[in-house]
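Chains as they are written, first to last, in this note's numbering: chain B, 5 to 254; chain P, 5 to 254. Right, one structure below, let's go through it.
2 protein chains.
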Amino acid sequence: MDTQEINKIGTYEFTVEPFHADFQGRLTLGILGNHLLNCAGFHASARGFGMTSINEENYTWVLSRLAIELDDMPLQYEKFSIRTWVENVYRLFTDRNFALLNKDGRTIGYARSVWAMINMNTRRPADVATLHDGKLAEYVCPEEACPIEKPSRIKVESQDPVTSIVAKYSDIDVNGHVNSIRYIEHILDLFPLEYYKELRVRRFEIAYIAESYFDDELFFYKDRLNESDYAVEVRKANEEVVCRSKISFG
Amino acid sequence: MDTQEINKIGTYEFTVEPFHADFQGRLTLGILGNHLLNCAGFHASARGFGMTSINEENYTWVLSRLAIELDDMPLQYEKFSIRTWVENVYRLFTDRNFALLNKDGRTIGYARSVWAMINMNTRRPADVATLHDGKLAEYVCPEEACPIEKPSRIKVESQDPVTSIVAKYSDIDVNGHVNSIRYIEHILDLFPLEYYKELRVRRFEIAYIAESYFDDELFFYKDRLNESDYAVEVRKANEEVVCRSKISFG
């Protein structure tokens, strides 16, 4: 790997904190998601296209899709690392991939994310490819493998919500929206503890469709697709779809 | 400050991550609590009386009380640091204090915590003072000031819960209990967003009384003590008190 290639990929080290481990002592998927998005931020900032720099030009990154596939999850107090790189830059989207490495440096999972850039005033999509005089394209690293499927199209048939929650103070981020990680946690909370005892989440996908806000009541619709797979749709009281997710236990 | 004194105090550096900031862009109190408890762990582990070492001898630390008092809170992406030290060691408890320093190194808050040690088999309290041949006493640092009131006795009169929640997967820690930080978040979620817009949490206290578990329904009782202060009690369906908290807005 030459220097240029190293510069395309960012590697970040973590340790599983006690409150970031679930009842099985393993890192929770919500916290992993949080770390992935932080790494996206670290990587982009260090290369001049992070949130702070594009905010100055009145643009912001919006996470559109995230898919995580795991063979294993690090345990409480274990070190692990996350590698991230840009796979593609299109006009309206960019694909960013991740690898999760355990304490021994072995890859135990991958993730794919799709991001749009919007103009903060108009809320309209902006042209990612021309950002920074096309600088983002310089970091594209298609040669790095990410051997998991791309985020799929998720459809939920159920018309009866399994539960609802009201968005609270702790759900809301600096933009006034329910934060992306909280949706993951609320969706994982739809499953009984037995699922996490006997199985593990092998793949988790989420597509973010609309924002929700403080005091919004969010309704969760859940389809069982087969023995191990579930699809979940989150809707507001007015039926607007907020996000869709697919969870594969295995 | 001589070397011995420096060794009594641990200092740990952090940055406010995007998902750790609330809608005002300030670090949330729940995440601050998480960092404080992590620092307690770092400090204790580095001195031979951390969770991992005492677990080997079949003991575990149990957080009994936490009081946090703040003049300010760091903003998203800002650096801050936490200093922690042991103030007292009694037979059944130890007092650990904290200072919160902003990016410029100015102290912007303090916290006090009270910990018990229990035998993991009998669940009975153990003698903290004799732990490690009394080694914990060597680190006692009463000369370091913590100019905030000790945790108080909290009483809640209300007999009508304002809300209830059912403990979910994301609430549960590696011991199978609802984790200490989640209670803080659920308690802060009892207040409307306007409180956090116009005021800030000046002081937050919590006393942990009993454990709760997956699927427990937790009922929240809230007294308004005066213009700015609230007391909250969390009880199970069988009326058992899980924790009590006092929140002062200002």
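From the three backbone atoms N, C-alpha and C, an ideal C-beta is built for every residue, glycine too.
Buried or exposed by the 16-neighbour rule on C-beta atoms within 10 Å, applied to residue i
i	result
P/Pro22	buried
P/Gln80	buried
B/Met5	Legend: pLDDT at B/Met5 = 45, less than 50; position of this residue unreliable, value from coordinates given subsequently. Exposed: under 16 other Cβ atoms inside 10 Å.
P/Ala241	exposed
P/Cys247	buried
B/Tyr143	buried
B/Glu91	buried
B/Glu244	exposed
B/Met121	buried
B/Lys154	exposed
P/Tyr63	buried
B/Leu135	buried
B/Val170	exposed
P/Asp164	exposed
P/Ala149	exposed
P/Leu203	exposed
B/Arg110	exposed
B/Glu231	exposed
P/Asp108	exposed
B/Glu147	exposed
B/Lys201	exposed
From the options, residue whose alpha carbon lies closest to that of residue i
i	options	result
B/Lys12	B/Cys145, B/Ser232 and B/Glu161	B/Cys145
P/Met77	P/Cys247, P/Cys150, P/Arg30 and P/Lys250	P/Arg30
B/Thr32	P/Thr167, P/Ala25, P/Asp99 and P/Ser174	P/Ser174
P/Arg207	P/Ser216, P/Tyr217, P/Phe253 and P/Val238	P/Phe253
B/Glu73	B/Phe223, B/Ser117 and B/Phe97	B/Ser117
B/Trp65	B/Asp164, B/Asp131, B/Glu243 and B/Tyr143	B/Asp131
B/Lys139	B/Pro129, B/Asp75 and B/Ala50	B/Ala50
B/Ile158	B/Glu221, B/Val236 and B/Gln28	B/Val236
P/Phe84	P/Asn106, P/Asp220, P/Tyr217 and P/Phe97	P/Asn106
P/Arg95	P/Ala133, P/Asp193, P/Ala71 and P/Glu215	P/Ala133
B/Ser162	B/Phe18, B/Ile251, B/Leu41 and B/Tyr234	B/Tyr234
P/Ala115	P/Pro151, P/Asp137 and P/Asp219	P/Pro151
B/Arg127	B/Glu215, B/Arg228 and B/Val20	B/Glu215
P/Val93	P/Ile191, P/Trp119, P/Ile176 and P/Ala44	P/Trp119
B/Arg87	B/Leu192, B/Val160, B/Phe18 and B/Asn59	B/Phe18
B/Glu61	B/Pro196, B/Lys172 and B/Asn123	B/Asn123
Closer than 8 Å at the beta carbon, the chain P residues around residue i
i	result
B/Phe195	Tyr173
B/Phe102	Within 8 Å Cβ-Cβ: nothing; B/Phe102 doesn't reach chain P, min ~16 Å.
Within chain B, the residues that residue i reaches when beta carbons sit closer than 8 Å
i	result
P/Pro22	Leu41, Asn42, Gly45, Met55, Asp177 and Val178
P/Tyr81	Thr56
P/Tyr200	Tyr173
P/Ile185	Phe23
P/Phe208	Those within 8 Å of P/Phe208 in chain B number zero; the least Cβ separation is about 13 Å.
Partner residues on chain P for residue i, Cβ-Cβ distance less than 9 Å
i	result
B/Leu192	Lys172, Tyr173 and Ser174
B/Glu3	Because residue 3 of chain B is not part of the residues shown, which for chain B are 5 to 254, the question remains open.
Within chain P, partners of residue i - CB distance below 7 Å
i	result
B/Phe253	Near B/Phe253 there are no residues of chain P at all, since even the closest Cβ is about 13 Å away, more than 7 Å.
B/Asn38	Phe23
Contacts that residue i makes with chain B (C-beta to C-beta distance below 9 Å)
i	result
P/Glu215	Per Cβ cutoff of 9 Å: no residues; P/Glu215 is ~13 Å from chain B at best.
Listed by chain order, chain B residues near residue i by CB distance under 7 Å
i	result
P/Phe84	Chain B residues near P/Phe84: none, gap ~16 Å exceeds 7 Å.
Checklist line | Minimum length 4: unbroken alpha helix (DSSP H) runs contained in the region 128 to 158 of chain B | finding: The qualifying runs are 135 to 142.
Checklist line | Within 8 Å of chain B by C-beta, residues of the region 11 to 36 of chain P in sequence order | finding: Along the region 11 to 36 of chain P, going in chain order, the ones with a CB nearer than 8 Å to a CB of chain B are Glu21, Pro22, Phe23, Ala25, Asp26, Phe27, Gln28, Gly29, Thr32 and Gly34.
Notebook entry, point to check: Got a sec: which bits of the region 222 to 234 of chain B sit with their beta carbon under 7 Å from any beta carbon on chain P, in order along the chain?
Noted result: For chain P, none of the residues of the region 222 to 234 of chain B brings a beta carbon within less than 7 Å of one of its beta carbons.
Next item on the list: Write down every uninterrupted run of the beta strand (DSSP E) in the region 43 to 78 of chain P whose length is 3 residues or greater and which is fully enclosed by it, in chain order.
Entry: Counting only unbroken stretches of 3 or more residues, the beta strand (DSSP E) elements lying wholly within the region 43 to 78 of chain P are 63 to 74, in sequence order.
Next item on the list: Entirely within the region 152 to 194 of chain P and at least 3 residues each: give me those beta strand (DSSP E) ranges in chain order.
Entry: Every beta strand (DSSP E) of 3 residues or more that sits fully in the region 152 to 194 of chain P is shown, in chain order, as 167 to 170.
Notebook entry, point to check: Quick one: complete beta strand (DSSP E) runs, 3+ long, within the region 205 to 229 of chain B?
Noted result: Here the runs fully enclosed are 205 to 212 and 221 to 228.
Next item on the list: Mind checking the region 59 to 74 of chain B against chain P and listing, in chain order, the residues whose C-beta falls within less than 9 Å of any C-beta there?
Entry: Correct list: empty, as no residue qualifies.
Item checked: chain B contacts from the region 91 to 122 of chain P (Cβ-Cβ distance under 9 Å) -> Along the region 91 to 122 of chain P, none of the residues has a CB nearer than 9 Å to a CB of chain B.
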